[in-house]
Structures are given as structure tokens and as C-alpha cells.
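First residue of the sequence shown? That's 25 in our numbering, and the numbers climb one at a time after it.
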Amino acid sequence: MTISYRKICMFGVLILLAGCTQNREVPKLKSQVVELKQMLGTLADQAFILERQNRLNQNASDGVYLLPNANNAARLNSDVGELSVSLNNLKSEADGSQAMLYVRTLSGKSLRGFTATLEWGQLDTTTGMPLKKGSQSQQLQSRSALLPKTEQVFELRLSGVPLEQLGYIHLHNIIPLSAPTVIQ
Numbered sequence: 025m026t027i028s029y030r031k032i033c034m035f036g037v038l039i040l041l042a043g044c045t046q047n048r049e050v051p052k053l054k055s056q057v058v059e060l061k062q063m064l065g066t067l068a069d070q071a072f073i074l075e076r077q078n079r080l081n082q083n084a085s086d087g088v089y090l091l092p093n094a095n096n097a098a099r100l101n102s103d104v105g106e107l108s109v110s111l112n113n114l115k116s117e118a119d120g121s122q123a124m125l126y127v128r129t130l131s132g133k134s135l136r137g138f139t140a141t142l143e144w145g146q147l148d149t150t151t152g153m154p155l156k157k158g159s160q161s162q163q164l165q166s167r168s169a170l171l172p173k174t175e176q177v178f179e180l181r182l183s184g185v186p187l188e189q190l191g192y193i194h195l196h197n198i199i200p201l202s203a204p205t206v207i208q
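This is the structure in C-alpha cells:
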């Protein structure tokens, strides 16, 4: 049996050359890997913010905390029932921020009229807790409606804290409005 070294060398060179050819899929795969890394980073950031929001709400004795970047509703047991509270449409304004606050009943029953206190401000960067210094507040009152509704939307003007510095919104002191008396 004769070994042809020439054929073995040619076979080895062919294998090496095949490994050097450009694969058209490699750049596409690289861009997909970069895209996946960005998505993973975004998801990790959002998970961190949701964890911080949940921690604030677990320690809250009254009301509910919403973090602007959480993009998630928070659940609240109140005197007007079990509510879902969420923020949307956050925008910068000249002297602060603007947002839409959605308050919904989870039971499907009509949302009773109520008053509440809305507080907003910055979070401590190390502890993640609300900074009371520089925080702002305002009173909210749900509008009465002729027909029963399960949701109330509030247009918020959050003055004094730019959107980039807005760390939290705290809805608390929710007090049901007394039902109007019917005169017969």
C-alpha cells in the first residue's frame, strides 16, 4: 500500500482553503448578535426598574408607587376597591413633565368617585428610595360621570421635576367621595 503524500497535502490544503472562504451568513449573524445584546440590555434594565417598583410597593403602607420607566401597571387595594394604576405618554415640559395616569377597577365594577394625593420627585441613586427633599404634590379628584365607568384618566402636569430626573410617582390617601343624596 503506497501512501501518496501529495494527495494528503492537497487534501489538507483544500480543507484549509475551505475554512478561509467568506460565509455570507457571518455578517448577518454578527448583526443579530448585536441586536440581541441590545434587547437583553433593555430587558435587564426594565427588570431592574420593575424590581425597584415592586420593592417600593411592598414597603408602602398607603398607596402605590409608579416608576416612569417601568412601563407596567401596579395593583392597589384601596377604599374604592382593588385598582390597577399605570402611567403612559410621559413627555417633557418647560417646567417639568407631563403624563397620563390611568386608574382602573380590577373587579369590573363601576369606579367610585374619589380624591387622592399625588406626589412625585426623584429617587436616591444609591438606595432607590424616594427623596422627600424637592418632591411635589397635588390633589386629584375623579370627575363624576353620568354613566358608570371602570376607568378614570388623569392628565398630569408634574412641575418642578424634569422628565430626566423624575424618579417616582406616589398615589396615596385615596378617599371615596360620599354618594350624593337623592331627594324624593
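Here a beta-carbon is modelled for each residue, glycine too, at the ideal position from N, C-alpha and C. Note that the coordinates shown come from a computational prediction; the quantities given were computed from them, not determined experimentally.
For the beta strand (DSSP E) containing Met-153, name the first residue and the last one. Translated into positions along the sequence shown, residue 153 becomes position 129. Note, Met-153: premise wrong, no beta strand (DSSP E); not H, not E.
Using CA coordinates, which residue listed in Gly-36, Leu-100, Ala-71 is at the minimum distance from Thr-129? Mapped onto the sequence shown, residue 129 falls at position 105. Ranked by Cα distance from Thr-129, the options Gly-36, Leu-100, Ala-71 are led by Leu-100.
Is it buried or exposed, Ser-131, if we count other Cβ atoms within 10 angstroms and call 16 or more buried? Along the sequence shown, one-based indexing puts residue 131 at 107. With fewer than 16 other Cβ atoms within 10 Å, it is exposed.
Given Ser-110, which residues of its chain have a CB within under 6 Å of its CB, disregarding the five upstream and five downstream residues? Within the sequence shown, residue 110 is the residue found at index 86, counting from 1. If we look at Ser-110 and ignore the five residues flanking it on each side, its Cβ neighbours are Ala-97, Tyr-126.
Close beta carbons around Leu-67, own chain, < 8 Å, minus the five adjacent residues each side: In the sequence shown, residue 67 corresponds to position 43, counting from 1. Within the same chain, no Cβ atom closer than 8 Å to the Cβ of Leu-67 is found once the five residues on either side in sequence are excluded.
I want to know whether the region 110 to 124 touches the region 80 to 88 - three or more CB-CB distances under 8 Å. Output reads no: the region 80 to 88 does not touch the region 110 to 124.
Where does Gly-158 fall in DSSP's three states? Position 134 of the sequence shown, counting from 1, holds the residue named residue 158. In the three-state scheme derived from DSSP, where H, G and I count as helix and E and B as strand, Gly-158 is classed as coil.
Name the one or two DSSP bridge partners that Met-124 has. The residue labelled residue 124 in the question sits at position 100 within the sequence shown. In the DSSP output, where bridge partners are listed per residue, Met-124 has Asn-112, Glu-179.
What does DSSP give as the partner residue(s) for Ala-140 in the beta ladder? Against the sequence shown, residue 140 aligns to sequence position 116. Leu-164.
Are Gln-146 and Gln-189 closer than 8 Å when you measure CB to CB? Along the sequence shown, one-based indexing puts residue 146 at 122. Along the sequence shown, one-based indexing puts residue 189 at 165. Result yes, Cβ atoms of Gln-146 and Gln-189 sit closer than 8 Å.
Would you kindly report the start and end of the unbroken alpha helix (DSSP H) that includes Ala-68? What you label residue 68 is simply residue 44 of the sequence shown in a count that begins at 1. It spans 49 to 83 - the alpha helix (DSSP H) in which Ala-68 sits, taken as one unbroken run.
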